[in-house]
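A short worksheet on the structure shown next.
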Amino acid sequence: MELWPGVWTAPLLLLLLLPLLLPALWFCSPSAKYFFKMAFYNGWILFLAVLAIPVCAVRGRNVENMKILRLMLLHIKYLYGIRVEVRGAHHFPPSQPYVVVSNHQSSLDLLGMMEVLPGRCVPIAKRELLWAGSAGLACWLAGVIFIDRKRTGDAISVMSEVAQTLLTQDVRVWVFPEGTRNHNGSMLPFKRGAFHLAVQAQVPIVPIVMSSYQDFYCKKERRFTSGRCQVRVLPPVPTEGLTPDDVPALADRVRHSMLTVFREISTDGRGGGDYLKKSGGVGEARL
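Going by full-length UniProt numbering, the sequence shown opens with residue 1, and the numbers climb by one from there.
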């Protein structure tokens, strides 16, 4: 009788060696460590969402549920040894709706967002997130606004509804105007939807800048270590009296101020300084 049938030999050996292989990969392969960390990051968020869903379901879909998600996610930075420093939080208008615009580098933006997220503020996210399992349902319960960017007509309709919601329900929204993640240590050109929204509702724009992650995180290099990130809240930009014709200049002005601050806080030893110095200041040509 064969004790090790050929068809089962490889899987059984792999199973037996796995407890030895994983630690070896962790200590010997930075790329493996990167993938392990990212897998745990995403898996842990999905698990926390499972815990949050029944608590949020008591209220139903409600922006106040974002406080629950924020409370459950705040600890993640400690698991990864990431220090998040917030400056300028006093710039948030105390008692009125507004539109937050922020740079978008990676899924780690969630850590900075949760650190500084003001009350009754929800992100505007791509509709695909709605189908991201437990995380999608938790976001829906927390009032996250989903937009199908491929259907321009629907996106415009949703933004019009959001403008009304801002004013009637005292809600703030968080938008990433670059439209997609940017791993290049700079900022992509801004899409104008957030600025049209602010002008339509005649509410201020609050720019928020997160310093570069390049000294501790780089997707291209498969590198993910501990580090520091600075989150800077800039003074609100008023939109009273502005019209849709003013939106292009408004978007360019806000982007320019954000990019200036991004370079400043990314080269002061608090996130990405070494990377930006080596690259000569990535993104200069994008202005």
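Quick reminder that beta carbons are idealized off the backbone N, C-alpha and C, glycines included.
Beta-carbon separation (whole angstroms), residue i vs residue j, contact threshold 8 Å
{"i": "Leu111", "j": "Ile76", "result": "6 Å"}
{"i": "Trp174", "j": "Ser106", "result": "Going by Cβ atoms, the distance from Trp174 to Ser106 rounds to 16 Å, so no, they are not a contact pair."}
For residue i, the three-state DSSP class (helix, strand or coil)
{"i": "Gly227", "result": "strand"}
{"i": "Val233", "result": "strand"}
{"i": "Pro54", "result": "helix"}
{"i": "Met187", "result": "coil"}
{"i": "Val203", "result": "coil"}
{"i": "Ser211", "result": "coil"}
{"i": "Ser29", "result": "coil"}
{"i": "Glu240", "result": "coil"}
{"i": "Glu85", "result": "strand"}
Unbroken alpha helix (DSSP H) run spanning residue i, endpoints
{"i": "Ser95", "result": "Note, Ser95: premise wrong, no alpha helix (DSSP H); not H, not E."}
{"i": "Glu264", "result": "247-265"}
{"i": "Tyr80", "result": "Tyr80 -> no alpha helix (DSSP H), and no H or E assigned at all."}
Residue range of the unbroken beta strand (DSSP E) whose run includes residue i
{"i": "Arg70", "result": "Here Arg70 belongs to no beta strand (DSSP E); instead the alpha helix (DSSP H) covers 66-73."}
{"i": "Arg172", "result": "172-175"}
is_contact[residue i, chain B] using C-beta, thresh 7 Å
{"i": "Met210", "result": "In the structure shown, chain B cannot be found, because there is only a single protein chain."}
Close beta carbons around residue i, own chain, < 6 Å, minus the five adjacent residues each side
{"i": "Tyr98", "result": "Arg172, Val203, Pro204, Val206"}
{"i": "Met66", "result": "Val122, Ala142"}
Residues near residue i by beta carbon distance below 7 Å, same chain, minus five either side
{"i": "Pro238", "result": "Pro204"}
{"i": "Ile53", "result": "Ser134, Leu137, Ala138, Leu141"}
{"i": "Gly269", "result": "Low local confidence applies: a pLDDT of 46 at Gly269 is under 50, so the model's placement there is unreliable, and no value is given."}
{"i": "Ala89", "result": "Val116, Val233"}
Cβ-based neighbour list, residue i, same chain, cut-off 8 Å, excluding 5 preceding and 5 following
{"i": "Gly60", "result": "Leu141"}
Uninterrupted beta strand (DSSP E) stretches inside the stretch 105-159 (no shorter than 3 residues): 121-126, 145-147
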